[in-house]
Every structure is written in structure tokens, then in C-alpha cells.
Amino acid sequence: MSDPRRTVMVPIARQCRMVAVALIASLWRTRAPEEIDAAIGGLPAARQSAVVGGVLGFLFLLSLFAAQFGLVGLALFWLAVILIVS
Numbered sequence: 150m151s152d153p154r155r156t157v158m159v160p161i162a163r164q165c166r167m168v169a170v171a172l173i174a175s176l177w178r179t180r181a182p183e184e185i186d187a188a189i190g191g192l193p194a195a196r197q198s199a200v201v202g203g204v205l206g207f208l209f210l211l212s213l214f215a216a217q218f219g220l221v222g223l224a225l226f227w228l229a230v231i232l233i234v235s
């Protein structure tokens, strides 16, 4: 029998990694997202977690900072995230 935690956490981890790769690729325009994904995939598991956690943690901290300015700050934050990723 498979571990139920593993069946839930693996898809979530893949989504988090995909978001982190998209954010890094949008800021590092000289590299393709596939190259960045391959570079992160080549790292040991602990380093992969650190890179993904660092990117998402920084994004979370920026959202907390934007929240200090109310709905306008959060709206500008999400607009910036959408513009960066697209």
C-alpha cells in the first residue's frame, strides 16, 4: 500500500517547483525555463528544497510587506507577480 502522505505531497512539491522555476526564469531572461528546471533537478534533494523554499519564502515575505499597504498594496503585488511570470 502506498503512503497517503506521499501521494498528496509529491504533486504539491511539483507545483511548488514549477512556480519557483517560472519566477526564476522570468527574472533570468538569458536562460530557458527548461534549463533552469534541469539545473535545479541536478542538485541534491536538500539543495532543491532550499532553492524552491527560498524563492517561495521570499515571495511570501514580499506579500506580507505588500499587505501593510492594504488592498491597494496586495493588488499591486499580484499585478507585479502576474507581469513577472507572464
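First residue of the sequence shown? That's 150 in this note's numbering, and the numbers climb one at a time after it. Heads up, the beta-carbon is just placed ideally off N, CA and C, and yes, glycines get one too. Small disclaimer: the values here were computed from a predicted structure and weren't measured.
Could you tell me the distance, in whole angstroms, from the CA atom of residue 183 to the CA atom of residue 221?
-> Rounded to whole angstroms, residue 183 to residue 221 spans 34 angstroms at the Cα level.
Span of the alpha helix (DSSP H) around residue 152 = In the DSSP assignment, residue 152 falls outside any alpha helix (DSSP H), carrying neither H nor E.
Cβ pair residue 115, residue 215 closer than 9 angstroms = With the chain represented from 150 up to 235, any question about residue 115 goes unanswered, as that position is not in the structure.
Closest by CA to residue 200, which one among 212, 172 and 231?
-> Of the candidates 212, 172 and 231, 172 places its Cα closest to the Cα of residue 200.
For the alpha helix (DSSP H) that residue 226 lies in, which residues bound it at each end?
-> Residues 219-234.
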